Structure formats: structure tokens, C-alpha cells
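To start, the structure under review is shown below, and the notes come after it.
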Amino acid sequence: MSEGALMRLEREITGCRLCPRLVQWREEVAAVKRAAFADEEYWGRPVPAFGDSRAGLVVVGLAPAAHGGNRTGRMFTGDRSGDWLWAALWKAGLANQPVSRDRGDGLEVSGVWVTAVVRCAPPGNRPTTEERDTCVRYLARELEVLEDARAFLALGGFAYEALCRLTRTRPRPSFSHGAQVRLADGRWVVCSYHPSQQNTFTGRLTREMLDDAVGAAVALANEA
Ligand code: SF4
61 MSEGALMRLE REITGCRLCP RLVQWREEVA AVKRAAFADE EYWGRPVPAF
111 GDSRAGLVVV GLAPAAHGGN RTGRMFTGDR SGDWLWAALW KAGLANQPVS
161 RDRGDGLEVS GVWVTAVVRC APPGNRPTTE ERDTCVRYLA RELEVLEDAR
211 AFLALGGFAY EALCRLTRTR PRPSFSHGAQ VRLADGRWVV CSYHPSQQNT
261 FTGRLTREML DDAVGAAVAL ANEA
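Here the working numbering is used: the first residue of the sequence shown is 61, the next is one more, and so on.
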């Protein structure tokens, strides 16, 4: 039953045009392209979630990257943030390979669902408040359908705040890397800095820190 609901939701998401600024941006990026990907056909549409519909763990990011998910059509695929995330998920035994380059690369996952608060690549990786509030409906519906989800890994404060809002968790504890918060609906969220280049290049987030956050979230998903 959840498989059918998720497929219907995916169709709805990939056809969405509710945010004029993001529709214009995602399509412009897909038309102009980055020189390194000039021979590729960009996805250029909202990016659906990816994963195991029976997952106990849900990874929540901010939004697809302009030349990552907006190019490949899969979350955290084809960019450096994805390189870090999939390596960590592979080490935790949740993915069959440590890299994800395109939608036909053979990646398979078990026990994890990878999604984002906003489904279209935003300029500067910064959706407006209105765009966030418009798109979060899709995350809300995923969370309703993913009946086995028991823990979240929030990649960045944006994802963490969205999860707290959706679950009406008040007061909201402060975001800090490694924090483990029990949401109002009884599920757990582990906070991690986002594996953006801004964090990984500066050493704010190391691979060990991300591995530890994934491990903590897996443990909570398994024990709850
Ligand atoms: S960001 Fe979300 S709500 Fe806005 S157009 Fe994209 S899919 Fe639709």
C-alpha cells in the first residue's frame, strides 16, 4: 500500500510547478548546464526521494543541488555532498556502493529513505520561506506513508527545523551536530552538519563526524 502511495506522490512531485522562481531556475540551469556536463541531459525538474519504502531511517537534506540532483534526477547524486553521504551510508551497511553518480549506476539501498525539504534546486542553495512552506507538504506526506520510519538524520538546521515544525515539536531544542532529539510524535532525530563543501572543505564536518551521526541514527531506528 505504501509503495503505491509513494509512486503516486513521486509522480505529483516531479510534475510540480508551484514555485515560479524555482521552476525558472531549475529549467535555466538545465538548459545552460555546467561545461563539465555539457553532453548530459539535465533532469531539470523536481527531484523525488529515493530509497527503501520500509526504511526505519529517513535522511532529510535541504534541497537538490543545481548540478547534482537537478542534473541526475536523484537526491544527493552527482555532487560532492552526495559523495560524502553515500560513503557514510555504505559504511553503515545501508547502501550497496559508496558512490552515486547517476540514476542508472546500480545503487541499491536497504533500511534508508533519502529525501529533502525542498525538491527543486534553489539559487544559492537558499529557498525562500514561502518556497519552503509550499514544498514541505511533500515531506509531510512521505512521513505519513513511511510507516516504519522511526528515526531521522537531519542534514543541517534547515532540515531539523522542518522536522520539528511538521511534528509540532515545541519547544524546539537548539540544533547542534550530534544532538539527538525526541520529536513530539515519539520518533528521534539526529542532527548533523550538512555535508556541503562549505562544511567539508573547512573541516567543520569530517567524515568521522558524519559516520558517527549516521551510526547514531541507525541505532535509534533499530531500537525504537
Ligand atoms: S520546490 Fe517543491 S513546491 Fe516548489 S515547484 Fe519545486 S516541487 Fe513544487
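Quick reminder that beta carbons are idealized off the backbone N, C-alpha and C, glycines included.
Because the structure is a prediction, the values reported are computed rather than measured.
Straight-line Cα distance separating residue j from residue i
i	j	result
M61	A95	No answer about M61 holds up, because its pLDDT of 48 lies below 50 and its placement is not dependable.
E72	E101	22 Å
R163	L66	18 Å
A211	L149	14 Å
A277	V250	6 Å
G64	L213	25 Å
F218	A244	18 Å
Whole-Å CB distance - residue i paired with residue j, under 8 Å assumed
i	j	result
R140	Q257	6 Å
E202	T175	6 Å
D143	V159	6 Å
Reduced DSSP category for residue i - H, G, I as helix; E, B as strand; rest coil
i	result
L122	coil
W173	strand
C224	helix
G111	strand
S234	coil
L280	helix
M61	Any answer about M61 is weak, because its pLDDT of 48 lies below 50 and its placement is not dependable; what the coordinates show is given next. If DSSP states are grouped into helix, strand and coil, M61 belongs with coil.
M67	helix
L154	coil
L270	helix
Bounding residues of the beta strand (DSSP E) (the contiguous stretch that carries residue i)
i	result
F212	A211 to L215
R197	No beta strand (DSSP E) contains R197, which is instead part of the alpha helix (DSSP H) from T189 to V205.
Limits of the alpha helix (DSSP H) - the one that residue i falls within
i	result
W103	Neither: W103 is in no alpha helix (DSSP H) and is coded neither H nor E.
Q258	Q257 to T260
Q240	Taken as a continuous stretch (DSSP letters only), Q240 belongs to no alpha helix (DSSP H), being part of the beta strand (DSSP E) at Q240 to R242.
S160	First-last for S160: undefined, no H or E at that position.
R249	Looking at the sequence provided, one finds Val at residue 249 rather than Arg. V249 -> not in any alpha helix (DSSP H); beta strand (DSSP E) instead, spanning W248 to S252.
N130	G129 to T132
E168	Run containing E168: none; DSSP gives neither H nor E here.
P80	P80 to V92
A147	R140 to K151
Below 6 Å from a heavy atom of the ligand SF4 - residues by beta-carbon: Spelled out in chain order, the answer is I73, C76, R77, L78, C79, L82, V83, P106, V178, R179, C180, E191, T194 and C195.
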